[in-house]
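Here full-length UniProt numbering = 1-based position in the sequence shown + 2. The beta-carbon is built from N, C-alpha and C at its ideal position, and this holds for glycine as well. Worksheet: one structure, shown below.
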Amino acid sequence: QQSPLKVAVTGAAGQIGYNLLFRLVSGALAGDRPVELRLLEIEPALKSLEGVVMELDDCAFPTLAGVEIGSDAEKVFDGVNLALLVGARPRGPGMERGDLLEANGAIFTAQGKALNAVAADDVRIGVTGNPANTNALIAMRNAPDVPASRFSALTRLDHNRAIAQVASKVGVPVTEVSRMTIWGNHSSTQYPDLFHARVGDRSAAEAVGDDAWIVDDFIPTVAKRGAAIIEARGSSSAASAASATIDAARDWLFGTGSPGREDDWVSMAVASPGAYGVPEGLISSFPVRCTDGDWEIVEGLDLNDLSRERIDASVAELVEERDAVQALGLI
Ligand code: NAI
3 QQSPLKVAVT GAAGQIGYNL LFRLVSGALA GDRPVELRLL EIEPALKSLE GVVMELDDCA
63 FPTLAGVEIG SDAEKVFDGV NLALLVGARP RGPGMERGDL LEANGAIFTA QGKALNAVAA
123 DDVRIGVTGN PANTNALIAM RNAPDVPASR FSALTRLDHN RAIAQVASKV GVPVTEVSRM
183 TIWGNHSSTQ YPDLFHARVG DRSAAEAVGD DAWIVDDFIP TVAKRGAAII EARGSSSAAS
243 AASATIDAAR DWLFGTGSPG REDDWVSMAV ASPGAYGVPE GLISSFPVRC TDGDWEIVEG
303 LDLNDLSRER IDASVAELVE ERDAVQALGL I
């Protein structure tokens, strides 16, 4: 019997949490390896979380090795191998951007410190809660004993959205689309790159054969998909965000690529080592391959003028966010 993988989820009583927990323990993350859940919520949401735990029990998942809940990060994060930081403060009415950064800053400084103090030595930390890149930066900078490479922000949902859009445009199954990249910030400035993506063994840009569609349709559709879902559903994407959170964690822990496509890559926002002109230490999305729990940026891709311009614009936004949280004393 393998030892359980200890997985923390924050904001576990929220909408993404409700779509995430059941799949995390039913094999989508770690196959038949048992998973122990550590669920963090704010005090007022603990009662609702107890209801979710009752439902988890009622599924009688053979791979669920235990569930603990609480509102004290140092207790909940104790010994965790994976922390999925989903809970964040949404932008309320009348809230300025600075207020939002400050409210989230309080959450992610505290959680970074708690992870630093009590997580397992091999911990990996994935941030889904928005603004994801900057929240990950804050947590990372508040956890000086955890290697910076263990922090990542989620751009896998954008990545998956981009794959789905291209597959539909070209009229192929999503499995034909590979080497997709989201560059930059998980925001409307993100840049989904079709010039290195592939459809079968052709360049995706060539397979699409319509540069105007890429600029006027594809890029804005992917970047504004979250808003389109809010408009249609009345609340923000939850099941797809949970699914992407699992995809990202599974590939990080157990490796990217699939049989016959070992050299495929995925998008993850990680601490830049200075690659592709992105300032060192900024949490920005790149093409990455993962092996045995470590990611590596795919190097050496040529960037055309459009790509360079779009990446620079998104990175400039990340620099602004970093400067704002620095000015607030959060990092
Ligand atoms: P939600 O509002 O339904 O749930 C958030 C939960 O977090 C709530 O239950 C709340 O009590 C909890 N929470 C707040 N502060 C907390 C703290 N300090 N510690 C622990 N829990 C805390 O929101 P939803 O829909 O589940 O989304 C969660 C986050 O994910 C949001 O920030 C959203 O913007 C973001 N998101 C990110 C995506 C991405 O692709 N990176 C995609 C979709 C959503």
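**Request:** Return helix, strand or coil for G53, following the three-state DSSP convention.
**Result:** helix
**Asked** Which two residues bound the contiguous beta strand (DSSP E) that contains E38?
**Response** E38 -> beta strand (DSSP E) spans V37 to L42.
**Asked** So, helix, strand or coil for G295, using DSSP?
**Response** coil
**Prompt:** Is the number of C-beta pairs between the stretch 212-231 and the stretch 6-20 that are closer than 8 Å three or more?
**Reply:** Touching, no, given that fewer than three Cβ pairs across the two stretches are closer than 8 Å.
**Prompt:** According to the neighbour-count rule (16 or more other Cβ atoms, all chains shown, within 10 Å of its Cβ), is M97 buried or exposed?
**Reply:** exposed
**Among R143, A164, P275 and P46, the one whose alpha carbon lies nearest that of A206** = Relative to A206, the option among R143, A164, P275 and P46 whose CA is nearest is A164.
**Test item: CB-CB of A138 and A121 under 9 Å** = no
**Request:** Output the boundary residues of the beta strand (DSSP E) element that contains P194.
**Result:** Y193 to D195
**Item:** Candidates R40, G13 and P64: closest to S50 by CA position
**Value:** G13
**Message:** Can you determine whether any heavy atom of the ligand NAI sits closer than 8 Å to the C-beta of V125, and answer yes or no?
**Reply:** no
**Request:** Determine which residues share a DSSP beta bridge with W185 and list them.
**Result:** Y193, per the DSSP bridge assignment.
**Euclidean distance between Cα positions of D249 and G331** = Answer to the nearest angstrom: the Cα atoms are 33 Å apart.
**Item:** Opposing strand residues paired with I153 [DSSP bridges]
**Value:** Here residue 153 turns out to be Phe, not Ile, going by the sequence shown. DSSP output for F153 lists I127 as bridge partner(s).
**Message:** Can you list, in chain order, the residues of its chain with a C-beta nearer than 8 Å to that of V290? Leave out the 5 residues immediately preceding and following it.
**Reply:** Closer than 8 Å at Cβ, skipping near neighbours: T258, W267, V268, S269, M270, V272, W297, E298, I299 and V300.
**Request:** Run the proximity test for V88: is its beta-carbon closer than 8 Å to any non-hydrogen atom belonging to the ligand NAI?
**Result:** Result yes, Cβ under 8 Å from the ligand NAI.
**Message:** Quick check on M142: does DSSP put it in helix, strand or coil?
**Reply:** helix
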